[in-house]
Every structure is written in C-alpha cells, then in structure tokens.
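The numbering of the sequence shown is full-length UniProt numbering, which starts it at 1 and goes up by one.
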Amino acid sequence: MTDAEWAAVRPLLPVPAWFQGRGGQPEGYCHRQLLDAIRYLVAGGISWRAMPADFPAWARV
C-alpha cells in the first residue's frame, strides 16, 4: 500500500479505545500491515494459511 493510499484509508478506520484513553490493550499489529496482508491475499487468490511470513499470522488477519 502506498503512502497516498494509506492516507486515504486511515481516517476510515476506527480509533482504538486505548489510544483515546478509554482503557483496553494496544493492538499487537499495525493496521497498515493487516490491510496489506488482506490486499495480498485478495490480489493473489491464495489461501489464508499460504500467506508469507512477512505479514502477521494468518489467524490474526
């Protein structure tokens, strides 16, 4: 995902509660990494378990 694409998508994602001071636990992965993994799977037409190790765990995505 390019920086321009990320700049367009980021405002559409929900802000985590912990980031707003409402408690909760920080996420383990960056939202951008998760979206990159989903886009990779859709573009390549591969199964979830065949995802490269460069992305977060398939169960997390």
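We treat Cβ as the ideally placed atom computed from N, Cα and C, and that holds for glycine.
Given the structure is predicted, the values throughout are model-derived calculations rather than measurements.
With a threshold of 6 Å on Cβ separation, who are the neighbours of Pro26 within its own chain once the five nearest residues in sequence on each side are excluded? Start at 1 with the first residue of the sequence shown, and residue 26 comes out as number 26. Correct list, in chain order: Trp18.
Through-space distance from Leu34 to Trp6, alpha-carbon basis: Within the sequence shown, the letter at position 6 stands for residue 6. Within the sequence shown, the letter at position 34 stands for residue 34. The alpha-carbon atoms of Trp6 and Leu34 are separated by roughly 12 Å.
With a CB to CB cut of under 8 Å and the five nearest residues on each side skipped, what residues in its chain are close to Pro56? As a first step, residue 56 must be located in the sequence shown, where it is residue number 56. Contacts found: Gly28, Tyr29, Gln33, Leu34 and Ala37.
Give me the Cβ distance between Arg60 and Met1, rounded to the nearest whole Å; I'm assuming they're in contact under 8 Å. Walking along the sequence shown from the start, residue 60 turns up at place 60. Walking along the sequence shown from the start, residue 1 turns up at place 1. Your pair Arg60 and Met1 does not check out as a contact, with CB atoms roughly 18 Å apart and the cut at 8 Å.
Where the alpha helix (DSSP H) containing Gly44 begins and where it ends: Position 44 of the sequence shown, counted from the first residue, corresponds to residue 44. His31 to Gly44 is the span of the alpha helix (DSSP H), which, as asked, contains Gly44.
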